[in-house]
Each structure stands twice: as structure tokens, then as C-alpha cells.
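Asks:
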Amino acid sequence: MTPRPTLSVLIVAYRTRDELEALLPTIPAAAGSLTHEVVVVDNASGDGTVEWLGKAHPEVSVLALDENIGFARGVNLAAERAAGEYLLLLNPDTLARPHAFEHLVRFAREHPGAGLVGGRTLTETGETEPSCCWGRPTLWSAFCFATGLTTALRGHPVLDPESLGGWDRTTSREVGVVTGCLLLCSAATWERLGGFDPRFFMYGEDTDLSLRAWKAGYRPAIAPEAEVVHTIGASSSVPALRRIMILRGKATVFRLHWRPSAARLGIALLVGGVGLRAGLGLLKRRLRGVVSADQEGWIGAWRARANWVGGYPDEEVEPFE
């Protein structure tokens, strides 16, 4: 009988062959002395990823899908196939630093109450890239977004609270949300929490999981010694599309975790914040004839607001209890 590996690295791929080609060779050094396996779920990339993995990395367990089922359901399928004591969710657009996974597992063993453990994400130039974690969403953070404070005073610890400003991610601490680009938990904890909610396609599923972890009595945390380089948004590079998916995920989180009246107010604040940024973008376009990709994203999200204000379909969302 094959011994159970300590770690299962779970990767959901969608047209990220180049990223996988760079990532996979970094995994053994990141795992260090840990026995490990790698499970890749390919979301019908159609770019030769599956065939390439079979030839270049036969040690990787690959599940090739006939359709793109999204990130949350893809991770759930990978977790079902995994045999490890610990599960590590890892984005394909990352590069793992040596011993990063050892640090995560060591931290998880020393702090079993954390439940979910994240690491420190870096830019390609080695600077801190803060999206490894966020604060929990609240009506106050939604108000700050609606009024433009989170943009005008980006990183402010009070007026941009979800960004956890003022903390450079170089020290260990509890956090509201551990993001899915680098997230470790034991297989037992994953099973207890029920994995990702499959109604989320992409974005928001990690917030939902983290909030459920807090409700279950865990205290998610960051282990800063565990470092990966992260390139944001490789699987959704169109600004407006990515923003729409993020906003749809946020709206769904509000509806799942807040009382109905608070959820309605929170979504209204989201709409107001998007409208403010889109309006500023349209004004800039009129005055200067051109806007940034970020502003194009807000304009696109405003025009498509009917596609995200309701979150995921009403019949699939169970209200707050």
C-alpha cells in the first residue's frame, strides 16, 4: 500500500500551460522534506495542457474536464481525488519559493485552531503583493467603497479596511479571509467545512469559505515565511469580465452571510461604488479621449450591473439564517 502523502497540491488550470510550465518545477523545493502529490484539474483549456502534462510531468495526477466548471467546483473535484493529510490550493500563475509549503504545514500543525492558513504573495520583482488575504467584508467596508474612500485612501487601516492596510504581511496574524491562490488546510477541516460552495464560479468562494471557517470556530491566519510569486488574474485577463465576476461573488457572499436587509444595503453600496468609478472614467474619456484598463473595467462592470447585482441565481442562493 502506498503511504499517504503529507501534502496534496491542488491546481485548477484554464489555458495556463505556460504558467504551469514555470510553476511545476518549483514545487519539489517548496515541499522540501514533505511527501507530496500534485493534482491538476484542467477546465477544458483546449490548449494542449493535458497532453503536455502527460508527457512532461507523468507524476502529476490530471483530471481533464469536457467543460469549464469554474474554480470552486474544480478545486472540489481535485480535493476528492487527493490523498494528502493536508490540502494546498495553489494558483497556476504562481511560483513557489523554496520550503514555502514546509512553512505552511509547520504553521498549521503548530496552530491547529487556524483551520485555514495562507502565506505571503510577492510580485515578480519581490515586493509584497497584498492579495494573499483580506479583512472580512462589512457594511462599513462597503460604505467606504461606495464613497470612493477605498480608492482615494488606498491601504488606510480604517477607510480601506478590507485591505488590512498598515500591515506588510511579514508577520503572522489572524485574518478575515485567506485567498484561494495559496490556501492550506487539513483534509479533515476541508471535509468539515464542506469545501468550496459550488455555486461560485470564480471569485468569492474563498471569502465564503473563510467566513464559514470563522463561524465554525477557526481563526484563519497567515504564515509569512511561506512565499510565492503571484501574477494576478491569469485566468481572467479581461478587466470588465474579471470585475463582473468579483462583484457577482461579493453580492453572493453578502446574501449568504448577512441578514436580508443588510445584504440589500451592501449590494446597493456596491452599485454606488461602481457607478462612481465608472462615471469618473467616462468623464476622463470625454476630456482626454482615453482611459486606463482599470477604468475600462469599471465602465464595463457598470454597464453590465444587471448581470451581477443579484449574485448567483436566486434559486441557488439560500438566504441568511
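Reminder that position 205 of the sequence shown reads as 225 in my numbering, one-by-one numbering, no gaps. Even for Gly, the Cβ is constructed at its ideal location relative to N, Cα and C.
1. Given a cut-off of 8 Å, decide if R117 and L231 are closer than it, judged by their beta-carbon atoms.
2. Just the C-alpha distance for Y332 and M21, rounded to the nearest angstrom, thanks.
3. For A42, which residues from the same chain have a beta carbon less than 8 Å from its beta carbon, with the 5 sequence-adjacent residues on both sides left out?
4. If I'm right that W328 touches L289 with Cβ under 8 Å, what's the distance once you round it to whole angstroms?
5. Nearest to G200 by CA position, among W210, Y223, E144, is which residue?
6. Could you give the distance in angstroms between the alpha-carbon of E105 and the alpha-carbon of R279?
7. Under a Cβ-count criterion, where at least 16 other Cβ atoms within 10 Å of its own Cβ denotes burial, should S281 be classed as buried or exposed?
8. Nearest CA to the CA of R325: which residue from L85, V294, A162, P218?
9. Where P78 and A166 are concerned, what is the direct C-alpha to C-alpha distance, given to the nearest angstrom?
10. Who are R193's beta bridge partners in DSSP?
11. Here's the rule: buried if 16 or more other CB atoms are within 10 angstroms of the residue's CB, otherwise exposed. What is E225?
12. Please state the DSSP three-state secondary structure of S5.
13. Which runs of the alpha helix (DSSP H) spanning at least 4 residues fall entirely within the segment 153-240, listed in chain order?
14. Measure the beta-carbon distance from L83 to V61 and round it to whole angstroms, keeping in mind my assumption that it falls under 8 Å.
15. For G295, which three-state DSSP category applies?
16. Have a look at V125, V195, W154, P181 and flag the residue whose alpha-carbon is nearest the alpha-carbon of L204.
17. Comparing alpha-carbon positions, which option in N63, G292, L85 lies nearest A321?
18. To which residues does DSSP link S81 through a beta bridge?
19. So, is D38 buried or exposed, given that buried needs 16 or more other C-beta atoms within 10 angstroms?
20. Is there contact between the segment 91-99 and the segment 53-69, where contact requires at least three CB pairs shorter than 8 Å?
21. On the criterion of 16 or more Cβ atoms from any shown chain inside 10 Å, does A120 qualify as buried, or is it exposed?
22. For A33, list the residues DSSP reports as bridge partners.
23. Measure the beta-carbon distance from A233 to L136 and round it to whole angstroms, keeping in mind my assumption that it falls under 8 Å.
24. What is the DSSP secondary structure of R24, counted as helix, strand or coil?
25. How is A76 classed by DSSP in three states: helix, strand or coil?
26. What's the C-alpha gap between L85 and R35?
27. What's the C-alpha gap between A254 and L142?
28. How far does the alpha helix (DSSP H) with R325 in it reach, from first residue to last?
29. Below 8 Å on the Cβ atoms is my guess for A33 versus S65; work out the distance and round it to an integer in Å.
30. Since F221 and G90 should fall inside the 8 Å C-beta cutoff, what is the C-beta to C-beta distance between them, to a whole number of angstroms?
31. Find the nearest neighbour of R284 within the set F163, G309, E130, G215, judged by alpha-carbon distance.
32. Rounding to the nearest angstrom, what Cα-Cα distance links L54 and V311 in this structure?
Replies: Here's the rundown:
1. no
2. 43 Å
3. L115
4. Not confirmed; about 14 Å, so no contact.
5. Y223
6. 36 Å
7. exposed
8. V294
9. 49 Å
10. I242
11. buried
12. The requested residue 5 is not part of the displayed model; the chain covers only 21 to 341.
13. For the segment 153-240, whole alpha helix (DSSP H) runs of length 4 or above, ordered along the chain, are 159-166, 169-172, 207-213, 225-235.
14. 5 Å
15. helix
16. Ranking V125, V195, W154, P181 by Cα distance to L204 puts V125 first.
17. G292
18. Here S81 is bridged, per DSSP, to V59.
19. exposed
20. yes
21. buried
22. Bridge pairing for A33: D62 [DSSP].
23. 5 Å
24. coil
25. helix
26. 13 Å
27. Any reading at A254 needs caution, since the residue's pLDDT is 49, under 50, leaving its predicted position unreliable; the model's value is listed next. For A254 and L142, the distance between alpha carbons rounds to 15 Å.
28. Element bounds for R325: n/a, residue is neither H nor E.
29. Right, the Cβ-Cβ distance comes to about 6 Å (below 8 Å), so this counts as a contact.
30. 4 Å
31. F163
32. 48 Å
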